[in-house]
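Asks: In UniProt numbering, the protein residues as written are 1 to 275.
Got a structure for you, questions after.
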Amino acid sequence: MAKIFISSDQHLDINRLDVDQILEMQANYLQEQKAAAYIIAGDSFNYFEKTLSFAERLQALVGPEIKIKFLAGNHEMGHGIAFDELESEVSPLYLHNKCFQIGDTVVLGNNGWYDYSLARGPQKQQVQKFKQGFYYDRLIEQPLSDPERTDLSLGQLKKALDMTTSQQKVIVVQHFVPNALDLQYPDASPRWQMVNGVMGSKRYAELYAQYPQIEAVVYGHVHRNQSAQQIQQIKYQNVSVGYRRGKRIEWVTPEFSTSWQKKLFKTVDNLQDDL
Numbered sequence: 001m002a003k004i005f006i007s008s009d010q011h012l013d014i015n016r017l018d019v020d021q022i023l024e025m026q027a028n029y030l031q032e033q034k035a036a037a038y039i040i041a042g043d044s045f046n047y048f049e050k051t052l053s054f055a056e057r058l059q060a061l062v063g064p065e066i067k068i069k070f071l072a073g074n075h076e077m078g079h080g081i082a083f084d085e086l087e088s089e090v091s092p093l094y095l096h097n098k099c100f101q102i103g104d105t106v107v108l109g110n111n112g113w114y115d116y117s118l119a120r121g122p123q124k125q126q127v128q129k130f131k132q133g134f135y136y137d138r139l140i141e142q143p144l145s146d147p148e149r150t151d152l153s154l155g156q157l158k159k160a161l162d163m164t165t166s167q168q169k170v171i172v173v174q175h176f177v178p179n180a181l182d183l184q185y186p187d188a189s190p191r192w193q194m195v196n197g198v199m200g201s202k203r204y205a206e207l208y209a210q211y212p213q214i215e216a217v218v219y220g221h222v223h224r225n226q227s228a229q230q231i232q233q234i235k236y237q238n239v240s241v242g243y244r245r246g247k248r249i250e251w252v253t254p255e256f257s258t259s260w261q262k263k264l265f266k267t268v269d270n271l272q273d274d275l
């Protein structure tokens, strides 16, 4: 099987990492592993053009033998990119609402969004107010409501999935979470139960359950370190690397390079990672 690698939430600017060193490290690793494709599932930088530049530079380093693709996370969406651009053919490397095939494996990419369906608790009706007042995403301009934007994303995915066949193996890559597997709902924190409403939508997993050809759904956004989980035939894996700034220590090792490697999704040995 072709080796497909996926990562998310590297936050290279917030983590104050040397971009040139990271590019060299990742290019060397992908070449050593004989990767066929590497997908960055959002939140590499706080500016879309910086993530685009990173992907372009990485593609130049690894050459045409390895496909480099990327999605936009909410951090990319906050600066330097309009809604219409995010929904357009910005770059051949941009995977949103697109797919590619390697062997019998089809990779579908979609940024995703959220509709508050993952909010719980006594404050769950306050998600929109929280977003507009305090959350990073208040910077993101859009002509749709959040549920409407999620509808658009789900419609794009359904159309793409309907074009796949039962003989194919499908991997879906998105930024926002497709279910509540990685979310915490602490009884002592009604506010945090509410904040989960901007993490993603449970409707993604409900859609994916209708397609037996889906073998894996890979995503980020929530910085959690836990093993992949299986629901029916689908492997759900969060590949976010996260922050290592001040008291926010989310990397799985002290070094970025090994944290990135350990969090990677890898299609090796029937879609099982080899960690």
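All C-beta atoms, glycine included, are put in the ideal place defined by N, C-alpha and C.
Computed from a predicted model, the values in this text were never measured in an experiment.
Using a Cβ-Cβ cut-off of 7 Å (strictly less than) and excluding sequence neighbours within five positions of Ile140, which residues of its own chain qualify?
Replies: So the list reads Asn74, Met77 and Gly78, once near-sequence residues are dropped.
Asks: Within 10 Å of its beta-carbon, does Asp274 have 16 or more other beta-carbons around it, so buried, or fewer, so exposed?
Replies: Low confidence applies here, because Asp274 scores a pLDDT of 33, under 50, leaving its location unreliable; read the following figure in that light. Exposed: under 16 other Cβ atoms inside 10 Å.
Asks: Taking Asp182 as the reference, which of Gln226, Ala37, Gln10 and Val106 has the closest Cα?
Replies: Ranking the options by Cα distance to Asp182, first place goes to Gln226.
Asks: Which residues share a DSSP beta bridge with Thr165?
Replies: Partner(s): none; Thr165 has no beta bridge.
Asks: Can you check the stretch 76-138 for any alpha helix (DSSP H) of at least 4 residues that lies completely inside it and give the ranges in chain order?
Replies: The qualifying runs are 83-86 and 127-133.
Asks: Nearest to Gly242 by alpha carbon, out of Ser145, Lys262, Leu23 and Pro64?
Replies: For the residues Ser145, Lys262, Leu23 and Pro64, the minimum Cα distance to Gly242 belongs to Lys262.
Asks: Can Phe45 be considered in contact with the ligand FAD, in the sense that its beta carbon sits closer than 6 Å to one or more heavy atoms?
Replies: Absence of the ligand FAD is noted for the structure shown, with no ligands found whatsoever.
Asks: Which runs of the beta strand (DSSP E) fall wholly inside the stretch 28-77 and span at least 3 residues, in chain order?
Replies: List check, beta strand (DSSP E) in window: 37-40 and 67-70.
Asks: Reducing DSSP to helix, strand and coil, say where Asp2 ends up.
Replies: Going by the sequence as given, residue 2 is Ala instead of Asp. Looking at Ala2 - three-state DSSP - the assignment turns out to be coil, as it is neither helix nor strand.
Asks: Cutting at 8 Å between CB atoms, please list the residues of its own chain near Ala27, excluding the five before and the five after it.
Replies: Correct list, in chain order: Leu58, Leu61 and Val62.
Asks: Using CA coordinates, which residue listed in Met199, Gln123 and His175 is at the minimum distance from Asp187?
Replies: Of the listed residues, the one whose Cα sits closest to Asp187 is Gln123.
Asks: With a CB to CB cut of under 6 Å and the five nearest residues on each side skipped, what residues in its chain are close to Asn196?
Replies: Within the same chain, Asn196 has close Cβ partners Leu118, Ala119 and Leu183.
Asks: Roughly how many angstroms lie between the CA atoms of Gln272 and Lys169, to the nearest whole one?
Replies: For Gln272, the predicted structure reports a pLDDT of 37, less than 50, and the residue's modelled location is therefore unreliable. A value from the coordinates is still provided. Taking the straight line joining both Cα atoms gives about 13 Å.
Asks: For Pro190, which option in Ser259, Val106 and Gln126 has the closest C-alpha, if you only look at C-alpha atoms?
Replies: That would be Gln126, whose Cα lies nearest to the Cα of Pro190.
Asks: Ignore the nearest five residues each way along the sequence and tell me which others in Ser91's own chain have a CB closer than 8 Å to its CB.
Replies: The residues are Leu52, Ala55 and Glu56.
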